[in-house]
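K.L.:
In this note's numbering, each number is its position in the sequence shown, counted from 1, plus 99.
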Amino acid sequence: MPENGVVLKQGKVIAMSAGIAVLNKPISYEITCTDKMPLAKNTELEYVKSDGSKITVKIGDRTGTLSIVDIILIPALSELDRSYYEVVNSKLVFKIYSHTNGSFEGENVIGVAPDFMKADTKYFSTDGITFTTRDGKKVGKAYNYYQFLPLRTKTAYTAKEIDAYIARELKDREAKGSSGDTETYGYGAVLGSKEVGMNVKYAADTNWGAKAAAHYYAFEKESGFKDAKQNYKIGFTNDSDYLYLRVRIGPSTSFDELYNYKRFNLPVLVYGEENGWYKITSDKLHDKAVYIRGDYITLQETTK
C-alpha cells in the first residue's frame with residue numbers, strides 16, 4: 100500500500116498504511132492465552148495491518164486481532180480529532196478525546212514534559228510511554244514519575260494534609276456541578292497504563308492511570324512537591340527469558356526466596372545496593388528489605 104494509502108468499502112475505511120483503531124464498544128483484549136484485560140469504548144489502539152475483515156492492532160507491546168465491526172479506523176493524516184499530548188509552560192498536558200461525543204473531555208496536567216518534546220507540537224501515545232508524531236514516527240520514550248512511582252513508597256505528606264486537599268477539590272467540583280468517580284492483578288503496583296501497572300486490568304479506561312497521575316501532580320504542585328524531592332529510584336525487571344524471577348530476603352543466592360515475579364518489565368522501588376544486588380521494597384507483606392540480582396533490574400529515569 101502506498102504511503103498515506105486508504106482502502107474504503109461502502110464508505111468505511113477497512114485498511115490503511117498507518118493510523119489508529121478506535122473501539123466502538125467495550126471488549127476483553129487477550130494478553131496471553133489465559134489472561135485478558137478490559138478495554139473501554141473509545142480506546143485508541145495502534146493500527147498494524149488489515150485483511151479487510153480482521154485488524155491487527157497494538158497497545159503498548161501487546162499485539163492482537165480485532166474484527167472490523169468492533170472498530171473505526173482513522174488514518175494517520177486524517178483531520179479527525181484524537182487524544183494527544185502537548186507541552187504547555189514546560190508541563191505535559193494530556194487532552195483526551197471522546198470519539199462518541201465528538202469532543203475533548205478536558206486537560207490532564209501530569210508532570211514535567213520530557214526533554215524531547217517541544218511546545219506547539221502534538222504528540223500521540225497508546226501506552227503513555229512511547230510517543231509519536233501524528234504520522235506514527237517515534238520521537239521518544241518517557242516514564243512519568245507520578246504514573247509509574249510504585250505505590251509502596253512512603254509519602255512525605257501526612258494524612259491530614261492529603262484529606263484537606265481532597266476536601267478542597269471535592270468542594271470545588273461540587274461548586275462547578277461535577278463529580279469524580281471514586282490487587283494490582285499482577286502487572287505491577289503502579290498506576291501505570293495499559294502497558295504496565297494497575298491500569299492493565301483494574302480499569303477498562305486506557306487513560307485511568309494518566310488521570311490519576313494528574314490528580315497526584317496537582318496535589319504535589321499545591322503542596323510543595325515533597326514526594327518528588329524524595330528522589331525515589333524506579334526499576335523494571337528486564338529479563339523476558341527468566342521466568343519466576345526470585346526475590347530473596349538477603350543479597351545472595353544463599354538466602355531464602357520470599358516470592359517471585361512471573362512476568363518481566365514489572366516496576367520495583369529500588370532504595371539500595373549490596374554486593375551487586377538491588378535492595379527493593381517487597382511486593383509481598385514483609386517488614387524488611389528484599390533483594391534482586393542487579394543484572395535483572397534496569398533503573399529508569401522519570402519525568403516529574
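Backbone N, C-alpha and C define an ideal beta-carbon position, used for all residues, glycine too.
Let me know the beta strand (DSSP E) ranges lying completely inside the segment 178-212, each 3 residues or longer, listed in chain order.
P.N.:
Complete beta strand (DSSP E) runs here, min 3: 183-187, 190-197 and 202-211.
K.L.:
Could you tell me the distance, in whole angstroms, from the CA atom of R392 to the CA atom of R347?
P.N.:
So the two alpha carbons sit approximately 9 angstroms from each other.
K.L.:
For the beta strand (DSSP E) holding S127, just list the boundary residues, first then last.
P.N.:
Residues I126 to T131.
K.L.:
In angstroms, rounded to a whole number, what distance separates the CA positions of I119 and P350?
P.N.:
Answer to the nearest angstrom: the Cα atoms are 46 angstroms apart.
K.L.:
Buried or exposed: where does L398 fall if 16 or more other Cβ atoms within 10 Å of its Cβ makes it buried?
P.N.:
So L398 ends up on the exposed side.
K.L.:
Which runs of the beta strand (DSSP E) at least 3 residues long sit entirely within the segment 133-165? Give them in chain order.
P.N.:
Taking only runs of at least 3 residues, the beta strand (DSSP E) segments lying wholly in the segment 133-165 are 134-138, 143-149 and 153-158.
K.L.:
Ordered along the chain, which non-local residues of its own chain (more than five positions away) have a Cβ less than 7 angstroms from that of I170?
P.N.:
So the qualifying residues of the chain are A120, V121, L122, N123 and I154.
K.L.:
Go ahead and pull the three-state DSSP assignment for G291.
P.N.:
Coil, per DSSP.
K.L.:
Measure the alpha-carbon distance for D386 versus L344 and round it to whole angstroms.
P.N.:
Cα to Cα, D386 sits roughly 20 angstroms from L344.
K.L.:
Using the three-state DSSP reduction, which class does G104 fall into: helix, strand or coil?
P.N.:
Here G104 sits in coil by DSSP.
K.L.:
When the distance is taken between beta carbons, is S177 closer than 8 angstroms to I195?
P.N.:
For I195 and S177, no; Cβs fall outside 8 angstroms.
K.L.:
So does the segment 200-210 actually touch the segment 229-236, counting three or more Cβ pairs closer than 8 angstroms?
P.N.:
The segment 200-210, when compared against the segment 229-236, does not touch it at the 8 angstroms Cβ threshold.
K.L.:
I'd like to check one pair, V289 with L248: are the Cβ atoms closer than 8 angstroms?
P.N.:
In this structure, V289 lies closer than 8 angstroms to L248 by Cβ.
K.L.:
Which same chain residues end up closer than 8 angstroms to P213 when comparing Cβ atoms and leaving out the 5 residues on each side of it in sequence?
P.N.:
Around P213: L191, F230, G239, A241 and T402.
K.L.:
Take K383 and list the residues in its own chain whose beta-carbon comes closer than 7 angstroms to its own, dropping the five residues that flank it on each side.
P.N.:
So the list reads L357 and Y358, once near-sequence residues are dropped.
K.L.:
Mind checking who A120 pairs with in its DSSP beta bridge?
P.N.:
Answer is L144 and L172.
K.L.:
Between G433 and S292, which are expected to be in contact by the criterion C-beta below 8 angstroms, what is the C-beta distance as a whole number of angstroms?
P.N.:
Since the displayed the chain opens at 100 and closes at 403, residue 433 lies outside it and no answer follows.
K.L.:
Whole angstroms are fine: how far does the CA of R161 sit from the CA of N200?
P.N.:
Cα-Cα distance, rounded: 28 angstroms.
K.L.:
Assess, as a yes-or-no matter, whether the segment 326-339 is touched by the segment 359-368 under the definition of 3 or more beta carbon pairs within less than 8 angstroms.
P.N.:
As far as the Cβ criterion goes, the segment 359-368 touches the segment 326-339, which means the pair count is three or higher.
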